[in-house]
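K.L.:
Residue numbers (this note's numbering): 1072 to 1156.
Idealized CB from N, CA, C, for every residue including glycine.
Would you mind keeping the following structure in view while I ask a few things?
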């Protein structure tokens, strides 16, 4: 399935795998940052659980019939603001 995604996007295999590698590196950086922020008490305790719950909520939202991308983006912005505070 993943190997067929680049064909659906009409990009070359090289570009697809380069992008995939960049996404993996960014994800690693984000996880590293979250761990450090929690270790320095800059993220509230339990925020990882909140992030997991938010991810599940976003998955449900993306599977629903929301017609406006701006609705999804504004909802994500609000969720992120709540976690950071």
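At the level of alpha carbons, what is the spacing between residue 1096 and residue 1090?
P.N.:
Each residue's Cα considered, the two are about 10 Å apart.
K.L.:
Would DSSP call residue 1104 helix, strand or coil?
P.N.:
Helix.
K.L.:
Rounded to whole angstroms, what is the Cα-Cα separation between residue 1151 and residue 1118?
P.N.:
If I take the Cα positions, the gap works out to 11 Å.
K.L.:
Rounded to whole angstroms, what's the CA-CA distance from residue 1085 to residue 1124? Just pull it up for me.
P.N.:
Distance between the alpha carbons of residue 1085 and residue 1124 is about 34 Å.
K.L.:
Determine the DSSP secondary structure at residue 1112, reduced to helix, strand or coil.
P.N.:
Residue 1112 falls in the coil class under three-state DSSP.
K.L.:
Which class does residue 1087 belong to by DSSP, given the choice of helix, strand or coil?
P.N.:
Here residue 1087 sits in helix by DSSP.
K.L.:
Look up residue 1141 in the DSSP assignment and say whether it is helix, strand or coil.
P.N.:
In this structure, residue 1141 counts as helix in the three-state DSSP scheme.
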